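Residue numbers (the numbering used here): 344 to 501.
Spelled out as structure tokens, the structure:
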């Protein structure tokens with residue numbers, strides 16, 4: 344397949360996973376991806392499979408990155424976010440997982456130096472850009488960098 348350099352790159356589509364503890368903390372990792380400055384990050388990643396939902400991608404990425412297994416059916420999309428921070432279109436779902444205190448393992452040491460549960464009123468900087476946007480969709484007082492469109496989703500019926 345030949346790629347036309349005049350055509351835009353396909354969008355990146357992913358999910359950022361908010362894993363609260365139930366006591367005012369959230370799971371955050373120390374992102375150490377080669378070629379990028381170190382940042383803090385929520386678990387998350389790309390929607391990989393045809394037909395994979397944001398919730399399924401969130402559950403899969405959470406398990407792959409931390410070893411924490413939570414059902415996709417218990418995940419809730421809070422908002423869909425659109426940005427162009429990388430010079431290309433990125434669509435990210437802000438996905439809220441159910442509260443969990445399960446041990447978070449470092450399963451991808453090339454990308455994450457460790458996981459911590461940090462108070463939401465003391466979140467560290469610098470935050471990975473998509474994670475900052477996801478946190479802003481969840482925490483009304485969290486200030487994220489500008490440049491992202493937030494599309495909140497309606498609450499799910501009980």
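We put the beta carbon where it would ideally sit given N, CA and C, even for glycine.
Model, not experiment: these values are computed from the prediction.
The three-state secondary structure of residue 460, taken from DSSP, is strand.
Where residue 439 is concerned, the enclosing beta strand (DSSP E) starts and stops at 433-439.
Here residue 363 carries a strand assignment [DSSP, helix/strand/coil]. 9 Å or more divides the Cβ of residue 438 from the Cβ of residue 356.
Taking residue 466 as the centre and dropping the five residues before and after it, the same chain places the C-beta of 369, 371, 383, 478, 485 closer than 8 Å to its C-beta, in chain order.
For residue 471 against residue 373, the beta-carbon gap comes to about 10 Å, at or over 8 Å, which does not count as contact. Counting every other CB atom within 10 Å of its CB across the protein chains shown gives residue 352 a total below 16, marking it as exposed. With 16 or more other CB atoms across the displayed protein chains lying within 10 angstroms of its CB, residue 476 is buried.
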